[in-house]
Amino acid sequence: MLYEVCLQGRGGQGAAMAARVLVQAACLEGLWGQAFPLFGGERRGAPVYAFARISDRPVRLHSQVYRPDAVIILDRALIRAMRVRVKEGGLLLVNSPARPDGVDAVEARVFRVDATSIAVRLGLVIAGWPVVNTAMLGAFTRVSGLVKLSSLKEAIRMTWRGELGEVNARAAEDGYREVVEA
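Okay, here's the thing in structure tokens:
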């Protein structure tokens, strides 16, 4: 089993960190994985791509992911600019309060969660930017079944200690609970 995920967001939303946390959660369940970002101008607000590979065997492939099993979009404005296309029958998860425009032609199961509202509600805002990564991971955990929510929360708490870890774990729980089919 090899499951590939692409996260598309903007600098500051936590896409690269989300890929690492997802892989860490998978490793807690005895799986193997790798996470890596792809970005150009390293500035807040610039498009960022991050990838995760999760497998039941050591991952020896070291290249960009071109047709992932799942695409997680942290900023719905990036749908039209999607450079990475989800596999047919795969999963597309979008941070959106309503059915996002531009997903009708996607041949995948489409889900949405208002991760921005979750982040704002919990105070996960840095320099005016809602950090939506853990809410999106919680939603992804529910719709993909790839890892358990408990493993994700443990990985979150290992990444962010203390109160910040607890708030991010709550964001994951809220994302898990609030995700819906688009």
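Numbering (the working numbering), first residue to last: 83 to 264.
Each residue gets a CB set at the ideal place from its N, CA and C atoms; glycine is no exception.
Secondary structure at Tyr85: strand, using DSSP grouped into helix, strand and coil. Rounded to the nearest whole angstrom, the C-alpha separation of Ala128 and Ala117 is 19 Å. Inside the segment 127-199, DSSP marks no whole alpha helix (DSSP H) run of 4 or more residues. CA-CA distance, Glu260 to Ala163, rounds to 26 Å.
Cβ neighbours of Arg224 within its own chain (closer than 6 Å, five residues either side excluded): Tyr258, Val261. Looking only at Leu175, Gly247, Val207, the smallest Cα-Cα distance to Val188 is reached by Leu175. Counting of Cβ neighbours within 10 angstroms places Pro179 among the exposed residues, the total staying below 16.
Assigned with DSSP and collapsed to three states, Glu263 falls in strand.
The DSSP-derived three-state label of Ala117 is strand. With fewer than 16 other Cβ atoms inside 10 Å of its own Cβ, Gly244 counts as exposed. Between Asp256 and Gly220, the CB-CB gap stays under 8 Å. Straight-line spacing of the CA atoms in Arg102 and Leu143 works out to 17 Å.
For Gln106, the enclosing alpha helix (DSSP H) begins and ends at 97-110. Going by DSSP, Gly220 is part of the alpha helix (DSSP H) stretching over 215-226.
Beyond the five residues adjoining it in sequence on each side, Tyr131 comes within less than 6 Å, by CB distance, of Gln90, Leu120 in the same chain, given in chain order. Relative to Pro140, the option among Val147, Ala108, Tyr148, Arg149 whose CA is nearest is Ala108.
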